[in-house]
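Heads up, the thing below is written out as structure tokens.
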């Protein structure tokens, strides 16, 4: 069974999924799409992913899995080792909440189609888009910093000494932030965890510039 | 152990969590917050939920769980019956993907703090807010309709004959859509499923107007 990853190097949701696949030690075929050419809006791709979004994971059994977090949960269930979620329900709830803070409160507001919509509906120029982007990053990174700095569950990584789901989401978001040059200075715990992640090959191999379709 | 639900009657994420609690047959104390009075921005609430968002579930063991989807996964793990996710990994991935389509692609773009931001940053009036809101609902409901209408996994509900996680998200979003009067006419499968959900007490008891803090 060969996994096929339909994705785009700069996509934050693709980056978090690549990190998860790498942490699991899973090989996959890399199938790139050029978003600006509308390659994910074509009928053959929409048959795989009705939203026309990346990533999609093709399982090799004729299934096309969509939505990065749903795919990572599937990986966790079908390839349990090493785990990306802790074993206890309270710990799992914490890691998922940290993940969803990024995946539900930052990324959906800041991805490319939203910035295009701001431009088209409100005439938002680059500076206005940066204000918007930075606003949502700041709101949630402030809350993440509060939670991560005060909780004894935080370790070298977001939860203890093992990198997991929340770290995948954080790492991808920090990469996304570079689009507008947002430094991590005001979030020391996030900066410390991000630096730890940058020493792990599973993460650096997932980084946008290290993908075959990077310009 | 008494569960305490810190929430707000009109909040879509609160609605989806209430439906999940009801489907599980779990009783809970209802603790309402008046969002427009800033009650969730006060230090005592921020200690429970660093984002200052609803809902928060207090477990009775001193834990405060945040992010509605993380809470529902916790409920699924600690109170497995009746299940809100299917048993097979592929089915679970499908239900989670349907859920995240709403929770990650519609709701984050359309909640109140985003509409306020559009007003404050871009001067968006009620009509412009409605255009924005409707745009994101339409994009994702079109994709949901495509997936639900073509898949043999769809039944009376989003996945087979048992209401689950995706139905909780759909039901809450349809309620949210009423803010701008968006009819379901163009999405016949969604309309059919929503009608089925409206016959289930677990859902109608979760509806905004049936909460103690409804005006």
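Chains as they are written, first to last, in the working numbering: chain A, 40 to 254; chain B, 40 to 254.
Glycine included, C-beta positions come from ideal geometry on N, C-alpha and C.
Computed from a prediction, not measured in an experiment: that's the story for all the values here.
Reference residue i, options the options, closest by Cα
i                      : options                    : result
residue 44 of chain B  : B:68, B:186, B:203         : B:68
residue 229 of chain B : B:129, B:198, B:169, B:219 : B:198
residue 90 of chain A  : A:106, A:244, A:177, A:102 : A:106
residue 216 of chain A : A:189, A:244, A:171        : A:171
residue 122 of chain A : A:143, A:65, A:73, A:218   : A:65
residue 201 of chain B : B:245, B:120, B:175, B:244 : B:120
residue 118 of chain B : A:114, A:113, A:128        : A:128
residue 134 of chain B : B:46, B:41, B:194          : B:194
residue 231 of chain B : B:161, B:184, B:247, B:249 : B:184
residue 191 of chain B : B:130, B:114, B:143        : B:130
residue 92 of chain A  : A:125, A:136, A:46         : A:46
residue 125 of chain B : A:95, A:116, A:97          : A:116
residue 139 of chain B : B:161, B:112, B:159        : B:112
Other residues of its chain near residue i: CB distance less than 7 Å, five sequence neighbours each side excluded
i                      : result
residue 212 of chain B : 51, 141, 145, 146
residue 247 of chain B : 48, 49, 54, 214, 253
residue 249 of chain A : 243
residue 83 of chain A  : none
residue 85 of chain B  : 91
Residues that residue i bridges to, as DSSP identifies them
i                      : result
residue 225 of chain B : Answer is none; residue 225 of chain B lacks a bridge partner.
residue 68 of chain A  : A:43
residue 103 of chain B : B:97
Residue i and residue j closer than 8 Å at C-beta
i                      : j                      : result
residue 154 of chain B : residue 168 of chain B : yes
residue 196 of chain A : residue 203 of chain A : yes
residue 109 of chain A : residue 132 of chain B : yes
residue 187 of chain A : residue 206 of chain A : no
residue 173 of chain B : residue 219 of chain B : yes
residue 157 of chain A : residue 166 of chain A : no
residue 61 of chain A  : residue 244 of chain A : yes
residue 59 of chain A  : residue 114 of chain A : yes
residue 143 of chain B : residue 208 of chain A : no
Close-in-space but distant-in-sequence residues of the same chain around residue i (CB under 8 Å, 5 per side omitted)
i                      : result
residue 251 of chain B : 48, 69, 71
residue 149 of chain A : 171, 172, 175, 176, 215
residue 99 of chain A  : 40, 41, 42, 43
residue 159 of chain B : none
residue 161 of chain B : 167
residue 233 of chain A : 209, 210, 213, 223
Beta-carbon proximity list for residue i, same chain, < 6 Å, skipping 5 on both sides
i                      : result
residue 78 of chain B  : 72
residue 80 of chain A  : 91
residue 95 of chain B  : 45, 87, 88, 103, 105
residue 331 of chain A : Outside the displayed span of chain A (40 to 254) sits residue 331 of chain A, for which this structure offers no information.
residue 74 of chain A  : 47
residue 97 of chain A  : 43, 103
residue 137 of chain B : 197, 205
Evaluate contact between the stretch 44-55 of chain B and the stretch 231-240 of chain A, counting only Cβ atoms and requiring at least three cross-stretch pairs below 8 Å. no
Any contact of the stretch 173-184 of chain A with the stretch 212-227 of chain A, i.e. 3+ C-beta pairs under 8 Å? yes
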